[in-house]
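Student: Next up is a structure, given as structure tokens.
Numbering (the UniProt record's numbering), first residue to last: 1 to 268.
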């Protein structure tokens with residue numbers, strides 16, 4: 001477990017977090033807090049990047065619950081908060097929430113729905129939301145707009161042409177808007193507002209960013225296949241990023257899709 005924390009969790013938080021998650025996390029927290037909810041659930045909270053923004057913007061009286069299926073991610077998230085900050089952390093399966101019906105005013109999930117059964121997950125959100133409660137979640141757009149997936153795959157393919165590691169395609173696997181919209185409407189969410197949001201980030205240490213991508217769970221795919229030093233892949237990936245987007249700093253583009261919806265108020 002210590003190796004997993006050192007190899008995956010810390011680089012994820014330190015080197016991917018500021019680039020991929022901070023900007024969108026701050027925007028998510030602002031959108032949630034402007035409605036002044038008192039009970040908020042964050043699903044797939046990871047290392048607490050969005051959680052920190054939420055806690056900073058919600059009222060001090062608001063109750064914030066952050067869940068994730070990874071013990072290691074949750075342990076790092078807990079370390080970012082003081083005991084009196086009104087944050088409850090739980091290791092929970094997003095498709096089987098251990099919460100009462102109509103428990104939350106708002107539910108948030110940033111870049112998480114691609115990692116669990118979406119129909120079950122959406123239904124659990126609907127069940128645990130109060131009437132009039134809001135659900136906000138983000139997904140990455142396709143690999144065409146997110147080079148962390150496309151460039152990584154091209155580099156990995158050079159080393160493993162017949163059995164290329166696939167993990168970094170998982171995050172960009174939910175970019176088709178209509179199926180998600182139809183699922184939400186079928187379950188009962190209404191209205192559904194969708195927006196596409198581009199962002200750019202100046203990356204000063206491209207090698208650290210490339211290493212953090214290699215040392216996501218894709219590192220286990222690389223080690224299983226064997227025969228390649230992961231640091232060679234890091235070096236090649238950093239070079240590919242610099243060639244495509246420049247360096248000192250590298251102006252890195254990304255694109256996400258935001259879904260904002262509600263559980264309708266009860267009709268008399």
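Using N, Cα and C, we set each Cβ at its ideal position, and we do this for glycine too.
Output needed for residue 150: all residues of its chain with C-beta closer than 8 Å, excluding positions within five of it in sequence on either side, in chain order.
Tutor: The sequence position of residue 150 within the chain shown is 150, counting from 1. If we look at residue 150 and ignore the five residues flanking it on each side, its Cβ neighbours are 143 and 144.
Student: So, under 8 Å CB-CB, residue 262 and residue 134 are touching, yes? Tell me the CB distance rounded to an integer number of Å.
Tutor: For the purposes of this step, residue 262 is identified with residue 262 of the chain shown, where counting begins at 1. For the purposes of this step, residue 134 is identified with residue 134 of the chain shown, where counting begins at 1. With 8 Å as the limit, residue 262 and residue 134 qualify as a contact, their Cβ atoms being about 5 Å apart.
Student: If we count Cβ pairs, one from each stretch, closer than 8 Å, do we get three or more for the region 158–166 versus the region 220–235?
Tutor: Flag = yes, the region 158–166 and the region 220–235 touch.
Student: Any contact between the region 180–190 and the region 210–221? By contact I mean 3 or more CB pairs, one from each, below 8 Å.
Tutor: Contact fails: fewer than three Cβ-Cβ distances are below 8 Å.
Student: I need the straight-line Cα distance from residue 176 to residue 251, nearest angstrom please.
Tutor: On the chain shown, residue 176 is found 176 positions in, with the first residue counted as 1. On the chain shown, residue 251 is found 251 positions in, with the first residue counted as 1. Linking residue 176 to residue 251 through their CA atoms gives a straight-line distance of about 26 Å.
Student: Hey, how far is the Cα of residue 107 from the Cα of residue 227?
Tutor: Against the chain shown, residue 107 aligns to sequence position 107. Against the chain shown, residue 227 aligns to sequence position 227. Each residue's CA atom was taken as its position, placing residue 107 and residue 227 some 44 Å apart.
Student: Can you list, in chain order, the residues of its chain whose CB lies under 8 Å from that of residue 174, leaving out five sequence neighbours each side?
Tutor: Start at 1 with the first residue of the chain shown, and residue 174 comes out as number 174. Here the set comprises 113, 114, 118, 139, 140 and 180.
Student: Assuming residue 186 is part of the alpha helix (DSSP H), what are its boundary residues?
Tutor: One-based indexing of the chain shown puts residue 186 at position 186. Per DSSP, residue 186 belongs to the alpha helix (DSSP H) from 177–187.
Student: Would you be able to state if there are at least three C-beta pairs under 8 Å between the region 9–21 and the region 63–83?
Tutor: yes
Student: Which of helix, strand or coil does DSSP assign to residue 233?
Tutor: One-based indexing of the chain shown puts residue 233 at position 233. Reduced to three states, the DSSP call for residue 233 is helix.
Student: Is it buried or exposed for residue 9, if we count other Cβ within 10 angstroms and need 16 for buried?
Tutor: As a working mapping, residue 9 is identified with position 9 in the chain shown. Flag for residue 9 reads buried.
Student: Nearest to residue 88 by CA position, among 109, 124, 128 and 39, is which residue?
Tutor: Position 88 of the chain shown, counted from the start, is the residue given in the question as residue 88. Out of 109, 124, 128 and 39, 39 has the C-alpha closest to the C-alpha of residue 88.
Student: For residue 73, name the three-state secondary structure that DSSP assigns.
Tutor: Position 73 of the chain shown, counted from the first residue, corresponds to residue 73. It is helical.
Student: Looking at residue 218 and residue 147, is the spacing between their C-beta atoms short of 9 Å?
Tutor: Within the chain shown, residue 147 is the residue found at index 147, counting from 1. Within the chain shown, residue 218 is the residue found at index 218, counting from 1. Their beta carbons are not under 9 Å apart, which means residue 147 does not touch residue 218 by this criterion.
Student: Along the alpha helix (DSSP H) that carries residue 147, what are the first and last residues, could you check?
Tutor: Residue mapping note: residue 147 aligns to position 147 of the chain shown, counting from 1. Its alpha helix (DSSP H) spans residues 147–159.
Student: Given this structure, state the Cα-to-Cα distance separating residue 97 from residue 62, to the nearest angstrom.
Tutor: Working through the chain shown from its first residue, we reach residue 97 at position 97. Working through the chain shown from its first residue, we reach residue 62 at position 62. Cα-Cα distance, rounded: 20 Å.
Student: Taking DSSP's pairing of strands, which residues face residue 261 in a bridge?
Tutor: Within the chain shown, residue 261 is the residue found at index 261, counting from 1. Answer by DSSP bridge pairing, in chain order: 135 and 192.
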